[in-house]
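Novice:
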Amino acid sequence: MRAFLIYGSYRLLGGLFGPLPPRLGYPLARRAGTLLYHVSPRLRRALADNMRHVLGPGASEKQVRAATRTLCGNIAKGHYELFRVSRLTPEEIRHMVRIEGIEHFHAAKQPGKGVIVVSAHLGNVDIVIQAPLAYGISIMGPTMHVQPERLFHYILKLRQSHGLRLIPIDGPLLPVVRALKKGELVGLPMDRVIAESTRVVEFFGAPTRLPDGPVRLALRTGAVLLPAFARRLADDRFLIQVEPPLEIEKTGDQEADIAAGMEQVVRIMERYIARSPDQWLIAAPLWPASAD
Numbered sequence: 004m005r006a007f008l009i010y011g012s013y014r015l016l017g018g019l020f021g022p023l024p025p026r027l028g029y030p031l032a033r034r035a036g037t038l039l040y041h042v043s044p045r046l047r048r049a050l051a052d053n054m055r056h057v058l059g060p061g062a063s064e065k066q067v068r069a070a071t072r073t074l075c076g077n078i079a080k081g082h083y084e085l086f087r088v089s090r091l092t093p094e095e096i097r098h099m100v101r102i103e104g105i106e107h108f109h110a111a112k113q114p115g116k117g118v119i120v121v122s123a124h125l126g127n128v129d130i131v132i133q134a135p136l137a138y139g140i141s142i143m144g145p146t147m148h149v150q151p152e153r154l155f156h157y158i159l160k161l162r163q164s165h166g167l168r169l170i171p172i173d174g175p176l177l178p179v180v181r182a183l184k185k186g187e188l189v190g191l192p193m194d195r196v197i198a199e200s201t202r203v204v205e206f207f208g209a210p211t212r213l214p215d216g217p218v219r220l221a222l223r224t225g226a227v228l229l230p231a232f233a234r235r236l237a238d239d240r241f242l243i244q245v246e247p248p249l250e251i252e253k254t255g256d257q258e259a260d261i262a263a264g265m266e267q268v269v270r271i272m273e274r275y276i277a278r279s280p281d282q283w284l285i286a287a288p289l290w291p292a293s294a295d
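Using our numbering, read the sequence shown as starting at 4 and increasing by one per residue.
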């Protein structure tokens, strides 16, 4: 019964919100975000805990609460955009998302060497990952295999409506390796543990576990590591900023090389998340009591 209610709720919300134009959809989403903040204490606590780490010890509880409320609004906006994504044309996506540094995508592509686009859950991944496709750049991405199964396939259908190739993150990596060997782009977030390969890093001044799979994969396949991060603008459009490729030296000590690569990625992630903390859409506590 619970699975049916979850799936039914998503289908109902998708049917109601998906057809709404932005002038109606965004104000309603903001109100839904306010409601979410007040009726979901567990989510509110998780988001607030993450905000305390990002904002730092100098932030007051009032500032933490304000950032958490705004974040709930951005989560609701993200769902509205997900329900709407299949109705958007490539032209509308290009209007919604501007890519700064798009030349790095093209320059990084080499025959037989793919590109791993490392990123974080900033802005709204469901929209911004569609942008390369709208600009003529093929990209593959991971997806969480959520339950119930019907909900997973419904969300998958929305996300793949513009030709995006998605693979369940808990599935085999062979499709990713094959894509990289073909010289393709693969987008992999590094701010959430969704696979077994992790390591403890200092993130916003405190230890936690983050995935090291993208760095391992780059060292293993020779793929280029390309950082790219998005943020939502005041008019609910998005800006993706693509950084130059990261240089990871191979010293012969694999673990040291992975640690050096992780250090580069983590410092860049901190910079972008700190700039837009209330757009960091991680809905679970990232810092446990102990990361050992």
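Ideal Cβ placement from N, Cα and C applies to all residues, glycine included.
Here the structure is a predicted model, which means the values were calculated and not measured.
1) Please classify lysine 80 as buried or exposed, where buried requires at least 16 other C-beta atoms within 10 Å of its C-beta.
2) Considering only DSSP beta bridges, list what isoleucine 119 is partnered with.
3) Using three-state DSSP, classify valine 100 as helix, strand or coil.
4) For arginine 235, which three-state DSSP category applies?
5) Less than 8 angstroms between C-beta atoms, sequence neighbours within five positions excluded: which residues of the same chain meet that for proline 217?
6) Figure out for me which residue from Arg26, Ile78, Asp129 has the closest Cα to the Cα of leucine 50.
7) For the alpha helix (DSSP H) containing threonine 92, list its first residue and its last residue.
8) Just how far apart, CA to CA, sit lysine 184 and leucine 222?
9) Can you give me the C-alpha to C-alpha distance between arginine 202 and valine 196, rounded to a whole angstrom?
10) Can you tell me the Cα-Cα spacing of alanine 70 and tryptophan 290, whole angstroms?
11) Tell me which residues share the same chain as glycine 144 and place their Cβ nearer than 6 angstroms to its Cβ, disregarding the 5 neighbours each side in the sequence.
12) Alpha carbon to alpha carbon, what distance is there between histidine 107 and tyrosine 83?
13) State the CB to CB distance for the pair valine 100 and phenylalanine 241, rounded to an integer number of angstroms; the pair is presumed to be in contact (CB under 8 angstroms).
14) Would you decide whether histidine 56 is buried or exposed? Buried here means 16 or more other CB atoms lie within 10 Å of its CB.
15) Under 8 angstroms Cβ to Cβ from lysine 160, same chain only, skipping five residues before and after it: list those, please.
16) Taking the alpha carbon of leucine 58 as the reference point, which residue from Ala286, Arg274, Ala287 has its own alpha carbon closest?
17) Is proline 93 closer than 8 angstroms to aspartate 239 when the C-beta atoms are compared?
18) If you drop the 5 nearest sequence neighbours on each side, which residues of the same chain put their C-beta closer than 8 angstroms to that of proline 114?
19) Quick check on the DSSP output: the alpha helix (DSSP H) that includes glutamine 257 runs from which residue to which?
20) Please go through the same chain and pick out, in chain order, the residues whose beta-carbon is closer than 7 angstroms to the beta-carbon of methionine 272, but skip the five residues on each side of it.
21) With DSSP as the reference, please indicate the residues paired to glutamine 113 in a beta bridge.
22) Span of the alpha helix (DSSP H) holding leucine 242?
23) Please state whether DSSP places glutamate 252 in a helix, a strand or coil.
24) Within its chain, find whatever has a CB closer than 8 angstroms to the CB of isoleucine 251; leave out the 5 residues flanking it on each side and keep chain order.
25) As a quick exercise: from Pro178, Asp281, Val245, pick the residue whose alpha carbon is nearest that of leucine 236.
26) Scan the stretch 20 to 62 and note each continuous alpha helix (DSSP H) run of 4 residues or more that stays entirely inside, going in chain order.
27) Please report the straight-line C-alpha distance between glutamine 257 and valine 67, rounded to a whole angstrom.
28) So, under 8 angstroms CB-CB, isoleucine 276 and leucine 125 are touching, yes? Tell me the CB distance rounded to an integer number of Å.
29) If I follow the unbroken alpha helix (DSSP H) through valine 196, where does it start and stop?
Specialist: By the coordinates alone:
1) Looking at its Cβ environment, which holds 16 or more other Cβ atoms inside 10 Å, lysine 80 is buried.
2) DSSP output for isoleucine 119 lists Val189, Leu228 as bridge partner(s).
3) The answer is strand: DSSP assigns valine 100 an E or B state.
4) Under the three-state reduction of DSSP, arginine 235 is assigned to strand.
5) Ile119, Val121, Leu191, Met193, Leu228, Val268.
6) Nearest Cα to leucine 50 within the set Arg26, Ile78, Asp129: Ile78.
7) Per DSSP, threonine 92 belongs to no alpha helix (DSSP H) and is neither H nor E.
8) Looking at the two C-alpha atoms, the distance is approximately 13 angstroms.
9) Between arginine 202 and valine 196, the C-alpha separation is close to 10 angstroms.
10) If you take the alpha carbons of alanine 70 and tryptophan 290, they lie about 18 angstroms apart.
11) So the list reads Ile132, Leu169, Gly190, once near-sequence residues are dropped.
12) So the alpha carbons of these two residues sit roughly 30 angstroms apart.
13) The C-beta distance from valine 100 to phenylalanine 241 rounds to 5 angstroms, short enough to meet the 8 angstroms contact threshold.
14) The residue in question, histidine 56, is buried, as its Cβ has 16 or more Cβ neighbours within 10 Å.
15) Once the five neighbours on either side are set aside, the close Cβ partners of lysine 160 are Ser89.
16) When only C-alpha atoms are compared, the closest one is Arg274.
17) 8 angstroms or more divides the Cβ of aspartate 239 from the Cβ of proline 93.
18) Here proline 114 has Gly186 as same chain residues with Cβ atoms under 8 angstroms from its own Cβ, once five neighbours each way along the sequence are excluded.
19) Segment 257 to 278, the alpha helix (DSSP H) holding glutamine 257.
20) Ala123, Met193, Asp194, listed in sequence order.
21) In the DSSP output, where bridge partners are listed per residue, glutamine 113 has Lys116.
22) Element bounds for leucine 242: not the alpha helix (DSSP H) but the beta strand (DSSP E), 241 to 245.
23) Looking at glutamate 252 - three-state DSSP - the assignment turns out to be coil, as it is neither helix nor strand.
24) Sequence-distant partners of isoleucine 251 (beyond 5 residues in either direction) whose C-beta falls short of 8 angstroms from its own C-beta, in its chain, are Val218, Ala221, Leu222, Leu228, Asp260, Ala263, Gly264, Gln267.
25) Taking only the C-alpha atoms, the option nearest leucine 236 is Asp281.
26) Runs found: 25 to 42, 44 to 58.
27) If you draw a straight line from the Cα of glutamine 257 to the Cα of valine 67, it comes to about 39 angstroms.
28) Contact annotation, isoleucine 276 with leucine 125: C-beta distance approximately 7 angstroms; criterion of less than 8 angstroms satisfied.
29) Where valine 196 is concerned, there is no enclosing alpha helix (DSSP H), given that its DSSP letter is neither H nor E.
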